[in-house]
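Written out below as structure tokens is the structure these notes cover.
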Amino acid sequence: MSQNAEKLVHVDTPSRAYDVHVGVGILAEVGAITREAAGGERACIIADSNVWPLYGEKVVASLTEAGYDVSHLTFPAGERSKNLSTLGDLLEGLAGLQLTRDDVVVAMGGGVTGDMAGFAAASYLRGCKVVQVPTSLLAMVDSSVGGKVAVDLRAGKNLAGAFFQPRAVVADVACLKTISHDLLTDSCGEVIKHAVLADGALLDELAISPLNGPTRSDEEVATIVAQNVRIKRNVVSADEGERGLRQTLNLGHTIGHAIEAASDFSMGHGSCVAAGLCCMARACEAKGWTYPDVVERITAAVHAHGLPTNSHIDHETLFHYATHDKKRHGDTMNIVVPRGIEDVVVRRVTLPELRELIDLGCGA
Ligand SMILES: NC(=O)c1ccc[n+]([C@@H]2O[C@H](COP(=O)([O-])OP(=O)(O)OC[C@H]3O[C@@H](n4cnc5c(N)ncnc54)[C@H](O)[C@@H]3O)[C@@H](O)[C@H]2O)c1
Ligand SMILES: [Zn+2]
56 MSQNAEKLVH VDTPSRAYDV HVGVGILAEV GAITREAAGG ERACIIADSN
106 VWPLYGEKVV ASLTEAGYDV SHLTFPAGER SKNLSTLGDL LEGLAGLQLT
156 RDDVVVAMGG GVTGDMAGFA AASYLRGCKV VQVPTSLLAM VDSSVGGKVA
206 VDLRAGKNLA GAFFQPRAVV ADVACLKTIS HDLLTDSCGE VIKHAVLADG
256 ALLDELAISP LNGPTRSDEE VATIVAQNVR IKRNVVSADE GERGLRQTLN
306 LGHTIGHAIE AASDFSMGHG SCVAAGLCCM ARACEAKGWT YPDVVERITA
356 AVHAHGLPTN SHIDHETLFH YATHDKKRHG DTMNIVVPRG IEDVVVRRVT
406 LPELRELIDL GCGA
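Everything in the sequence shown is counted per this note's numbering, starting at 56 for the first residue and increasing by one.
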């Protein structure tokens, strides 16, 4: 065990049960955790060109100590690598190493690595074992929990993928020290979203002491990451296949995705979600669908992190991108209404109603 007690979050889905380990300095535990959760003789680490030089050696040492014969595959860092061509290279790489279904893929990195290595593991030999080692805040609080894995297609993001649960997740918040402040800040958008969904006390605490601020200790960050994992766990374990409750994770995303697309993806996803949260809360308040303090509490937390609380894109453009969302159903769309903090509902709106919400909630 590491000197700091790690926090365990148990995830129980219909397809698999596993533990998410959150702690400070627990990269050194990856080998022991993998041994216990997945067994096998060989481990292949998949990492991108930024993360491999930073943490590869430490994880190889840990896996070797746990008795694994360790190999690795790397790919160029960045969302542009999350495609079928890199996936193909990874699959050929796994086959070239003659990994068997008893062996383990260790997906070490941000959400791009988790999604792509997870999808490689889901499809290699129709499914081999995967352990997720998220190293970015987004990967720790969001993408490594819930088992969604994917690559992008030319037609859009995450269009080819699967639901594939890992054997274990190891989130070492010490890895966040090497993340740029901007990227850390951006990912706080999803943390605030989780707090709105299920932890009002955390939301108000984040407004006073932001997660990207200088006063947060590693231990506090680990506690907040574990709280976030628990929130997402509670949603996904109740709805593994994304038919009902899981839609609430889309809070802030209808307008957020539209801002992201309208900015031609120059704005980070989390920043767009943060702005989307505030815009939707204002719109819902104007419609009389929310309790009085919702807008204020959400915008206070968003503002404290230096994230945008509004959009400055013209409404017609936002509407255009919002209605090209893959979550549209014919002439209606499901939106997530923050009726209160820890009290959100999915509501089906017509396209003219969506346009009205954009007019009511967004700036410009
Ligand atoms: N599967 C899901 O449920 C889910 C949910 C949300 C997002 N996602 C996906 O996650 C991806 C975004 O995740 P992301 O923001 O982690 O992107 P990313 O994996 O590209 O990581 C961002 C950057 O940070 C670098 N990095 C990662 N960890 C680092 C560390 N500890 N130190 C220094 N640099 C580090 C990476 O090399 C990369 O350059 C998107 O592709 C998105 O679609 C998936
Ligand atoms: Zn998101």
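Using N, Cα and C, we set each Cβ at its ideal position, and we do this for glycine too.
Report the rounded CA-to-CA distance for ALA419 versus THR372, giving the unit in angstroms.
Distance from the CA atom of ALA419 to the CA atom of THR372, rounded to whole angstroms, is 11 Å.
Do you know how far the Cα of VAL225 is from the Cα of TYR73?
Rounded to the nearest angstrom, the two C-alpha atoms are 11 Å apart.
Within 10 angstroms of the Cβ of ASP414, are there 16 or more other Cβ atoms? Answer buried if so, exposed if not.
ASP414 comes out exposed.
Does the Cβ of PRO269 have 16 or more other Cβ atoms within 10 Å, making it buried, or fewer, making it exposed?
With fewer than 16 other Cβ atoms from the protein chains shown falling within 10 Å of its own Cβ, PRO269 counts as exposed.
To the nearest angstrom, report how far apart VAL77 and ALA175 are at their CA atoms.
So the two alpha carbons sit approximately 24 Å from each other.
State the DSSP-derived secondary structure class of CYS243, mapped to helix, strand or coil.
Three-state result, CYS243: helix.
Tell me, to the nearest whole angstrom, how far the beta carbon of VAL228 is from that of ASP273; I am working on the premise that it is less than 8 Å.
Right, their Cβ atoms sit about 6 Å apart.
So is HIS127 in contact with chain D if we call contact Cβ pairs under 8 Å?
In summary, chain D is missing from the structure at hand, where a single protein chain is found.
Measuring straight from C-alpha to C-alpha, what distance separates GLY143 and CYS183?
Cα to Cα, the separation comes out at about 16 Å.
Tell me whether VAL284, by its Cβ, gets closer than 7 Å to a heavy atom of ligand 2.
Taken from the Cβ of VAL284, every heavy atom of ligand 2 lies 7 Å or farther away.
CB of VAL401 within 8 Å of CB of GLN302, strictly
In this structure, GLN302 lies closer than 8 Å to VAL401 by Cβ.
Expressed to the nearest angstrom, what Euclidean distance is found between the alpha-carbon atoms of GLY166 and LEU193?
If I take the Cα positions, the gap works out to 7 Å.
Starting from the N-terminal side, write out each stretch of the alpha helix (DSSP H) that is 4 residues or longer and does not extend beyond the segment 114 to 173.
For the segment 114 to 173, the continuous alpha helix (DSSP H) assignments of 4+ residues that do not extend past its boundaries occur at 139 to 151, in sequence order.
Report all residues from its chain with a CB closer than 7 Å to the CB of PRO113; omit the five preceding and five following residues, and keep chain order.
Per the sequence presented here, residue 113 reads as Lys, with Pro not at that position. Once the five neighbours on either side are set aside, the close Cβ partners of LYS113 are LEU82, ALA83.
For the segment 329 to 339 against the segment 361 to 368, do three or more pairs of beta-carbon atoms, one drawn from each stretch, fall closer than 8 Å, so that the two count as touching?
Under the 8 Å Cβ criterion, the segment 329 to 339 counts as touching the segment 361 to 368, having at least three qualifying pairs.
Identify the continuous beta strand (DSSP E) that holds MET388 and give its terminal residues.
MET388 -> beta strand (DSSP E) spans 387 to 395.
Looking only at its chain, what residues have a beta carbon closer than 7 Å to the beta carbon of LEU231, apart from the 5 residues adjacent to it on each side?
Answer for LEU231: LEU192, LEU239, VAL276, listed in chain order.
For LEU306, which three-state DSSP category applies?
The answer is coil: DSSP assigns LEU306 none of H, G, I, E or B.
Could you say which of ILE396, THR378, VAL392 lies nearest to LEU406 if we only look at CA atoms?
Selected option, being the one with the closest Cα: THR378.
Count the CB pairs spanning the segment 90 to 102 and the segment 118 to 137 that are closer than 8 Å, and state whether there are at least three.
Verdict: yes, contact present.
Is CYS230 helix, strand or coil by DSSP?
Under the three-state reduction of DSSP output, CYS230 falls in the helix class.
Indicate the three-state DSSP secondary structure (helix, strand or coil) for ALA256 in the structure shown.
Of the three classes helix, strand and coil, the one that applies to ALA256 here is helix, per DSSP.
Start-to-end residues for the beta strand (DSSP E) that takes in THR405:
In the DSSP assignment, THR405 falls within the unbroken beta strand (DSSP E) covering 398 to 405.
How long is the line joining the alpha carbons of GLY323 and ALA355, rounded to whole angstroms?
In a straight line, the C-alpha of GLY323 is about 20 Å away from that of ALA355.
Tell me, please, which residues DSSP counts as bridged to ASP103.
ASP103 pairs with PHE130.
Please name the residue or residues paired with LYS203 in a DSSP beta bridge.
Answer is PHE218, bridged to LYS203.
Cα separation between LEU177 and GLU408?
Just to set this straight, residue 177 is Ala in the shown sequence, not Leu. Each residue's Cα considered, the two are about 40 Å apart.
Reference PRO347, options VAL115, GLY395, LEU109, LEU258, closest by Cα:
Here the closest residue by C-alpha is GLY395.
Report yes if the C-beta of ILE396 is less than 7 Å from at least one heavy atom of ligand 1; otherwise report no.
Incorrect: ILE396 has no Cβ contact closer than 7 Å to ligand 1.
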